[in-house]
Amino acid sequence: MGRTSAPGCDEPTSYDLKANLDQYQQWQTSLEDTKAIAELLELERDEALLETNQVA
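Mapped onto this note's numbering, the consecutive letters of the sequence shown carry residue numbers 16 to 71.
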């Protein structure tokens, strides 16, 4: 999707800035969720390794 700046104006409109901010915030939330999932998977992996070492 192209920019919706006013004709003859190179500056983004407030709508552009709001849309970009909204998109950034969605990406930031998604990144935080992904990091949390990665941390949980690491913890589960570490637990499984500990259990495996205790059994052996």
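Backbone N, C-alpha and C fix where the C-beta goes; we use that ideal spot for every residue, glycine too.
Quiz item: Which two residues bound the contiguous alpha helix (DSSP H) that contains T44?
Solution: S29 to V70
Quiz item: Quick one: what's got a C-beta closer than 6 Å to S41's C-beta in the same chain, skipping five residues either side?
Solution: Note that residue 41 is Gln in the sequence shown here, rather than Ser. Sequence-distant partners of Q41 (beyond 5 residues in either direction) whose C-beta falls short of 6 Å from its own C-beta are missing from its chain.
Quiz item: In whole angstroms, what separates the C-alpha of D61 from that of N35?
Solution: 39 Å
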